[in-house]
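Trainee: Each residue of the sequence shown is one higher than the last, beginning at 24 in our numbering. Attaching a single structure in structure tokens format; questions to follow.
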Amino acid sequence: MTALTLLTYIAAALLLQVAAGMGVAFVRTRGQRIGRSEAPIERHAEQAAAVPTGAWSGWREFRVLRKVFEDRVRSQCSFYLGPVDGQPLAPFKPGQFLTFSLALAPQTAPAAKAAERPVAVVRCYSISDAPDPSAFRITVKRAQAPAQHPEWPAGLASGHLHDLVHEGDVLKVKAPAGQFFIDAEVDVPAVFVAGGIGITPMVSMLRWCIQAQPQRMLHLFYGVRHGGELAFKEALETLAQQNSRFHLHEVFSAPQPGDVRDMNMHHTGRVDVELLRATLPHGRHRFFVCGPPAMMSSLVPALGLWGVLPQDIHFEAFGPASVPPVAASAGNTQAMGVSTPSGNTFDIHLGRSGRTLQWTGQDANLLDFAERHSVAVDSGCRSGSCGSCETRVVSGLVTYPHQPDADMAPGHCLMCVGVPQSALELDL
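Below you can see the structure in the form of structure tokens.
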């Protein structure tokens, strides 16, 4: 091959890359992961190349096609969403989520009641089914007031969706995004660990795996208080009966009579490393974990202490403070180091309001700091993923304990995970 021929091939390849880059919009958001080296989903990539991407920027209107309660106590409701414009849906990686802008009515939100008009809030909800060309499905659990503070309001967004959003209503939705999704390494068994409503991305990944990776060994550990809280119960148990390579484990912390029927499938207590160690076959596994803060803060570090490599631990947390650093066992020296918010004192100047506040290190991030000082900041995921809290930094430095998943414009920061490294002036 001559030098001229080689240069011709290189130029052609570059032109193809530029053309491909112009035709695809990439959105990165919520999922938190340890290790980012896994291969993309091969079949998903083939599908994306074969059909229009359907991706969109900004908000797009979706109509609620169906509402279906998924558990016996009717606390978890699925919403099937179809595009109002009739255009194709965006292919997504199983485990990703959608971002919603919800207009809360005055009767449901204190801020809206005070303003006497709807107030928009941003929320992220995992897609709870394998890719379907006709509709997205999300499943939302009605949030209750914390047990230790029953006087606090229940979940405003989840209550709004359950009580005031009906079939035929239209919602504003951003394209699927997130870095918590299944991988393509079929030779490594996948272990899905879900607590409560953390089951939603697991169902999406599980159903896709059964269709696209039928040879892969799959294990699901699903922790709830009792059988009445099991979402997708019949569907999951049917999948387990029909697929010999899928093993379902339902774990009850406060079982009711009749919950524990099959000692191979039903367990009492909580999903912890002891249960995983006693149940899983020996060998390497890849873990996907999603659940409430108590489960995440104990289980994810414990997997590292057990000896699971960081690249085999993937998790989605309900907020950035849910998961502490993964500790390394004696044989696992690859655990990521995670910095903590600085204890230094910095002046934080808010350019638009003219206020100057003092950062002392007592807040986990700039969003918590702003809210404690009654500074209004748009927010959604609270984990550095949806980009709703992106704020321009006029001067100063912001650092992050974990690299955020959401992309930012130059000179901007994500308030929900950022902490100051110097005095700041923010465009607030």
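The C-beta atom is built at its ideal place from N, Cα and C for all residues, glycine as well.
(1) So what does DSSP say about R230, is it helix, strand or coil?
(2) Return helix, strand or coil for W329, following the three-state DSSP convention.
(3) Looking only at DSSP bridge pairs, what is L127 linked to?
(4) Closer than 6 Å: is that where the CB of Q202 sits relative to any heavy atom of the ligand SAH?
(5) Are the CB atoms of F310 and L332 nearer to each other than 7 Å?
(6) Can you check DSSP and say which residues form a bridge with P443?
(7) Report the CB separation of V144 from L125 in whole angstroms; it is logged as a contact under 8 Å.
(8) Under 7 Å, do Y245 and I222 count as touching if we go by C-beta distance?
(9) Are P315 and W382 close, meaning C-beta to C-beta below 7 Å?
(10) With DSSP as the reference, label H249 as helix, strand or coil.
(11) Quick check: what's the CA-CA separation for T422 versus G441?
(12) Taking C-alpha atoms, which residue in C147, A258, S376 and Q238 lies nearest to A180?
(13) In the DSSP assignment, find the unbroken beta strand (DSSP E) run with E273 in it and report its ends.
(14) Put L389 into one of helix, strand or coil per three-state DSSP.
(15) So which of F275, A168, G81 and A301 has the shortest CA-CA distance to A198?
(16) Kindly confirm or deny that the segment 112 to 126 and the segment 201 to 208 touch, where touching means at least three C-beta pairs closer than 8 Å.
(17) Given that a residue counts as buried once 16 or more other Cβ atoms are within 10 Å of its Cβ, and exposed if not, what is R239?
(18) With distances taken Cα to Cα, identify the nearest neighbour of F392 among L449, A429 and V296.
(19) Need the endpoints of the beta strand (DSSP E) that T379 sits in, please.
(20) Can you tell me the Cα-Cα spacing of D295 and L322, whole angstroms?
(21) Comparing C-alpha positions only, which one of V416, L112 and D155 sits nearest to R230?
(22) Run the CB neighbour count on R375, radius 10 Å, all protein chains shown included, and call it buried at 16 or more, exposed below.
(23) Quick check on S267: buried or exposed, where buried means 16 or more other Cβ atoms within 10 Å of its Cβ?
(24) Please return the same chain residues whose Cβ sits closer than 6 Å to the Cβ of I371, not counting the five positions on each side in sequence.
(25) From which residue to which residue does the alpha helix (DSSP H) around T261 run?
(26) Are the beta-carbon atoms of L194 and F123 separated by less than 7 Å?
(27) So L243 packs on H272, CB below 8 Å; how close in whole Å?
(28) Whose CA, out of I161, P433, A153 and S157, lies closest to the CA of E93?
(29) Would the beta-carbon of C412 fall within 7 Å of that of D401?
(30) Spatial neighbours of L88 within its chain, please: C-beta separation below 8 Å, excluding the five flanking residues on both sides.
(31) Only counting the same chain, and skipping five residues up and downstream in sequence, which positions put a Cβ closer than 8 Å to that of D108?
Mentor: With the given structure in hand:
(1) Taking the first residue of the sequence shown as 1, we reach residue 230 at position 207. Three-state DSSP puts R230 in a helix.
(2) To locate residue 329, count along the sequence shown from 1; it is residue 306. Residue state, collapsed to three classes: helix.
(3) What you label residue 127 is simply residue 104 of the sequence shown in a count that begins at 1. In DSSP, L127 forms a bridge with V142.
(4) Although the ligand SAH was asked about, the structure shown includes no ligands whatsoever.
(5) In the sequence shown, residue 310 corresponds to position 287, counting from 1. In the sequence shown, residue 332 corresponds to position 309, counting from 1. Not closer than 7 Å, so no.
(6) As a first step, residue 443 is located in the sequence shown; it is residue number 420 there, counting from the start. The partner list for P443 (beta bridge, DSSP) reads V421.
(7) By 1-based counting over the sequence shown, the position of residue 144 is 121. By 1-based counting over the sequence shown, the position of residue 125 is 102. V144 to L125, Cβ: 5 Å. Contact.
(8) Here residue 245 corresponds to residue number 222 of the sequence shown, with the count starting at 1. Here residue 222 corresponds to residue number 199 of the sequence shown, with the count starting at 1. Yes, Cβ-Cβ distance for Y245 and I222 is below 7 Å.
(9) Here the question's residue 315 lines up with position 292 in the sequence shown. Here the question's residue 382 lines up with position 359 in the sequence shown. Cβ atoms of P315 and W382: not closer than 7 Å.
(10) In the sequence shown, residue 249 corresponds to position 226, counting from 1. Correct three-state label for H249: coil.
(11) Residue 422 sits at position 399 when you count from the first residue of the sequence shown. Residue 441 sits at position 418 when you count from the first residue of the sequence shown. Cα-Cα distance, rounded: 6 Å.
(12) Looking up residue 180 in the sequence shown gives position 157. Of the listed residues, the one whose Cα sits closest to A180 is C147.
(13) Mapped onto the sequence shown, residue 273 falls at position 250. E273 -> beta strand (DSSP E) spans F269 to F275.
(14) On the sequence shown, position 366 is the one that residue 389 refers to. Helix, per DSSP.
(15) Residue mapping note: residue 198 aligns to position 175 of the sequence shown, counting from 1. Looking at the Cα atoms, G81 is the closest of the given residues.
(16) yes
(17) Walking along the sequence shown from the start, residue 239 turns up at place 216. The residue in question, R239, is buried, as its Cβ has 16 or more Cβ neighbours within 10 Å.
(18) For the purposes of this step, residue 392 is taken as residue 369 along the sequence shown, with counting starting at 1. If we check each option's Cα against that of F392, L449 comes out closest.
(19) Sequence index remark: in the sequence shown, residue 379 carries index 356 (1-based). Element bounds for T379: T379 to W382.
(20) Here residue 295 is taken as the residue at index 272 of the sequence shown, counted from 1. Here residue 322 is taken as the residue at index 299 of the sequence shown, counted from 1. Their Cα atoms are separated by approximately 6 Å.
(21) To locate residue 230, count along the sequence shown from 1; it is residue 207. Residue D155 is the option with its Cα nearest to R230.
(22) In the sequence shown, the residue the question calls residue 375 occupies position 352. The residue is exposed, with fewer than 16 neighbouring Cβ atoms inside 10 Å.
(23) If you number the sequence shown from 1, residue 267 lands on position 244. S267 is exposed by the Cβ-count criterion.
(24) Against the sequence shown, residue 371 aligns to sequence position 348. Closer than 6 Å at the Cβ level, and outside the excluded window around I371, lie L380, W382 and L447.
(25) What you label residue 261 is simply residue 238 of the sequence shown in a count that begins at 1. Unbroken alpha helix (DSSP H) run through T261: K256 to Q265.
(26) Position 171 of the sequence shown holds residue 194. Position 100 of the sequence shown holds residue 123. Yes, Cβ-Cβ distance for L194 and F123 is below 7 Å.
(27) Counting from 1 along the sequence shown, the entry for residue 243 is found at position 220. Counting from 1 along the sequence shown, the entry for residue 272 is found at position 249. With 8 Å as the limit, L243 and H272 qualify as a contact, their Cβ atoms being about 7 Å apart.
(28) For the purposes of this step, residue 93 is identified with residue 70 of the sequence shown, where counting begins at 1. It is I161 whose Cα lies nearest to the Cα of E93.
(29) Here residue 412 is taken as the residue at index 389 of the sequence shown, counted from 1. Here residue 401 is taken as the residue at index 378 of the sequence shown, counted from 1. In this structure, D401 lies closer than 7 Å to C412 by Cβ.
(30) As a position in the sequence shown, residue 88 is number 65, starting the count at 1. Taken in chain order, the residues that qualify are Y103, L104, G105, A158 and E190.
(31) For the purposes of this step, residue 108 is identified with residue 85 of the sequence shown, where counting begins at 1. Contacts found: R83 and E84.
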